[in-house]
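Per the numbering used here, the very first residue in the sequence shown carries number 159; after that it's consecutive. Below: the structure, in structure tokens.
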Amino acid sequence: LFEHAVVILESSASAQEKLDALAHVALNLHFAELVYQLNVISHLLDLHTARALRGLLAGEDGPADTLADHPGEPIEVIDARLAPTLPAATLRDIRDAGGMVLETGPGGTTVVIGDTVDPARVTTMVAGVSTGAPGELGAELAKARSIASATGGAVVVWQGYKP
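As structure tokens, then:
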């Protein structure tokens, strides 16, 4: 496991060094667009490195599918892909609150409520010991809806805390 992780990290580090060198040259030549594109490539390298490392630790189900694995994908598309994986009662609570699903997984759900296009602010709610149980999601989403309405922003609700 560690040997595979070393190979992944060494490969990633080598690629990052090359990207950094190119960015340095582009910056000195005042090629702002090229610097931007190299930063995007660097970000994607980070995402793929993280995904490869998670894949080493994944069980039989394969690597977890996270929001970070889908940069630029519309929230509506992510929601449409993940909604069918949820229990009907959970999905009903999410829809009743006007929420969209961002991530799902064993023992956890991440939902966004409110303005997802151009929010004035983004608030994150993390359920605690007493509010993290699956049966409490509806109450947490109601709080999130109230906050989103009051702030004109989006509220991301993460529920999956295990004491």
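Beta carbons: idealized from backbone N, C-alpha and C, even for Gly.
The alpha carbon of L299 has as its nearest neighbour, out of T207, V198 and V259, the alpha carbon of V259. In the same chain as L196, and ignoring 5 residues on each side of it, the C-beta atoms closer than 7 Å to its own belong to L177, L180, A181 and A184, in chain order. Distance check between G230 and each of A246, L205, R250 and T262 places L205 closest, using alpha-carbon atoms only. Assignment of L211 by DSSP, reduced to helix, strand and coil, places it in the helix class. Assignment of E261 by DSSP, reduced to helix, strand and coil, places it in the strand class. By the neighbour-count criterion, in which a residue is buried when 16 or more other Cβ atoms sit within 10 angstroms of its Cβ, D251 is buried.
Considering only G286, D254 and H201, the residue with the shortest C-alpha distance to R303 is D254.
Beta-carbon to beta-carbon, V315 and G272 are separated by about 10 Å, too far to satisfy the 8 Å threshold. Pairing T267 with T248 gives a Cβ-Cβ distance under 8 Å. With respect to I166, T207 sits close: the two C-beta atoms are nearer than 8 Å.
Beta-bridge partners of Q195 (DSSP): none assigned. For the pair T274 and A246, the Cα-to-Cα distance works out to about 24 Å.
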